[in-house]
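Here the structure is laid out as structure tokens; the discussion comes afterwards.
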Amino acid sequence: MWNWITFTGLQPLWGLPVYVWLALTLHIIANKTGTRNAWLAWIPIANLYLMCKVAGMSGWWTILFVIPLVNIVLGIIVWMGIAGARNQPSWLGILMIIPIVNLIIPGILAFAE
Numbered sequence: 003m004w005n006w007i008t009f010t011g012l013q014p015l016w017g018l019p020v021y022v023w024l025a026l027t028l029h030i031i032a033n034k035t036g037t038r039n040a041w042l043a044w045i046p047i048a049n050l051y052l053m054c055k056v057a058g059m060s061g062w063w064t065i066l067f068v069i070p071l072v073n074i075v076l077g078i079i080v081w082m083g084i085a086g087a088r089n090q091p092s093w094l095g096i097l098m099i100i101p102i103v104n105l106i107i108p109g110i111l112a113f114a115e
């Protein structure tokens with residue numbers, strides 16, 4: 003089924019809304035944490051830099067996202083840091099590896115008080 007969606011050109015029907023949702027929630031999270039340059043949430047690769055900054059990590063960590071398998075572990079660590087920056091339980095970052103749940107967690111972090 004997924005091959006059919008990809009080859010028929012229907013991927014933007016779900017890919018673009020998912021990207022917009024994740025960029026919007028990251029932008030809101032960056033604003034709520036007082037992180038500078040929240041607009042970077044809308045730019046590919048730059049949004050990884052912004053995620054590191056929101057998590058309180060050096061921007062140089064962004065380079066590690068290009069290494070296979072390391073990027074998965076780093077993604078969990080970064081999202082745990084983002085959850086901590088929003089005063090939410092850090093285990094929410096671990097849930098980011100679960101499909102569908104990884105679309106809900108950014109919303110929780112963005113819109114929680």
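According to our numbering, the sequence shown is numbered sequentially starting from 3.
All residues carry an ideal CB built from backbone N, CA and C; glycine is no exception.
Just so it is clear, the structure is predicted and the values come from calculations on it, not from any experiment.
For residue i, which residues of its own chain have a beta-carbon under 7 Å away from its beta-carbon, when the five flanking residues on both sides are left out?
i   : result
G86 : S92
Considering only residues of the same chain and omitting the five flanking positions on each side of residue i, which have a CB-CB separation below 8 Å?
i    : result
L111 : T27, I31, I84, A85, R88, Q90 and L94
H29  : A40, W41, A43 and W44
S60  : C54
Assign residue i to one of three DSSP states: helix, strand, or coil.
i   : result
L71 : coil
P46 : coil
M98 : helix
L91 : With the sequence shown as reference, residue 91 is identified as Pro, and Leu is not the correct amino acid for it. P91: coil per DSSP, three-state reduction.
A32 : helix
G58 : coil
T27 : helix
For the alpha helix (DSSP H) holding residue i, just list the boundary residues, first then last.
i    : result
P108 : V103 to F113
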